[in-house]
Ligand code: HEM
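Numbering (our numbering), first residue to last: -10 to 429.
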């Protein structure tokens, strides 16, 4: 065993250090965790023990070698589905995000082939068409928050990709329900399992929205099963039904796959697009190079955005056995959480980490693979990563072909911390100036 590996044979050592605050205080700090996570590392080091509800035993990891040991472990050692517990009331018990073991392996085997690079390339034209339509409505010459706009666009894109062309009159209502569902609001997610809170305020509204959403998704998927054109359709739902075979997926399983793909697919991509616009508006040289339409450079812009502002902050994987890591004993049931944003912005791994420099992704070896993990790694690596990068590249291509961007203020925006996905707190305010260019 090395100090960076995970040893499960004869785990020894003391538990990792960490704050002694009561769990309600630590849970409250977690809901505003960006700065807290950095302070914890400065005080306690690379492995920090915490007590956060609903997991209770949580261990923050900050060393990429430890993260690599975690994501490279045999799948039986960790239950990532259990780690995603707070997402379950929304994503559902059959969601790829919620399941573990054999059920996870089977669901991944079904879903992964739908998201290969050649498979997602088929959605490029739809992305461009929807982006052109949306961007034509953006104000020119005055500051506006771009986040709500790219969020609306990302929701349109993912509902087209998952459910198909806009020939279903139920789609606008479905999008509206997804739009108002606080699916990534941490206090709402933590309160949803409580029958008491579900009768009250924001939790009651979320539960009612979820009921309406479920009914609509069930109706749409039931119709799709019997669609005579199923085999010709190119949307993910139809491809999933064909791949699984007739009757193989139950209505609740289908509901959970659809809801998961839509939510996991659009909140994250909207965050990426908003931060990309935020950065490009402050880095005119990078924006000019990206405006040339060069795909490699646009991809580097997206990757650098994901490095500086990873949409998902942690990878919560729950241990199924006692192990030793870095000389500490970690008990079965503890949830390990690599803190992605801290690893991505650590000067030990990235030169001048606070600088937005897409070029680093074009330089050989400048970003070692295991120090960049916005999509996670290993058996639970994001299934939608190829689609997310394609979508972000194409949307930025369309924006930059028409407009140059500036920021309304020099000072960068902070992330809005209450959310599971990172989003710029002032909504990524930008100013557009037409360049007179057309689509490339
Ligand atoms: C920039 C956009 C995105 C980012 C940053 C992102 C990030 C992530 C991360 C960090 C994970 C968790 C990995 C882990 O637990 O170890 C994940 C899992 C997942 N993502 Fe994404 N994601 C993005 C876009 C998408 C899209 C477009 C889809 C689908 C349409 C998607 C579907 C999923 C699913 C289903 C999982 C669960 C995988 C599993 O547990 O096996 N994501 N994503």
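C-beta atoms are modelled at their ideal positions from N, C-alpha and C, and glycine is treated no differently.
Here the structure is a predicted model, which is why all the values come from computation and not from measurement.
- Of 217, 182, 246, the smallest CA-CA separation from residue 229 is found for 246.
- In this structure, the beta-carbon distance from residue 404 to residue 412 falls below 8 Å.
- Fewer than three beta-carbon pairs drawn from the segment 313 to 321 and the segment 333 to 349 are found closer than 8 Å, and the two stretches are therefore not classed as touching.
- Taking the C-beta atoms as reference points, residue 387 is found nearer than 8 Å to residue 120.
- A distance criterion of 7 Å places the beta-carbon of residue 56 beyond contact range of the ligand HEM, judged by its closest non-hydrogen atom.
- Rounded to the nearest angstrom, the Cβ distance from residue 146 to residue 380 is 6 Å, consistent with a contact under 8 Å.
- Distance from the CA atom of residue 180 to the CA atom of residue 194, rounded to whole angstroms, is 12 Å.
- By the CB criterion at 8 Å, residue 213 and residue 205 fall outside the cutoff.
- Spatial neighbours of residue 169 in its own chain (CB-CB distance under 7 Å, excluding positions within 5 residues in sequence) are listed in chain order as 198.
- It is roughly 12 Å from the alpha-carbon of residue 285 to the alpha-carbon of residue 349.
- Its Cα nearest to that of residue -6, the residue 54 stands out among 25, 74, 54.
- Apart from sequence neighbours up to five positions away, the residues of its chain that approach residue 364 with a beta-carbon distance below 7 Å are 370, 371, 374, ordered along the chain.
- Under the DSSP assignment, residue 329 falls in the alpha helix (DSSP H) whose first and last residues are 329 to 333.
- Counting only the Cα atoms, residue 69 lies some 31 Å from residue 384.
- DSSP places residue 317 outside any alpha helix (DSSP H); the residue lies instead in the beta strand (DSSP E), whose first and last residues are 317 to 319.
- In this structure, the C-beta of residue 324 stays at least 7 Å away from each heavy atom of the ligand HEM.
- Secondary structure of residue 392 (DSSP, three-state): strand.
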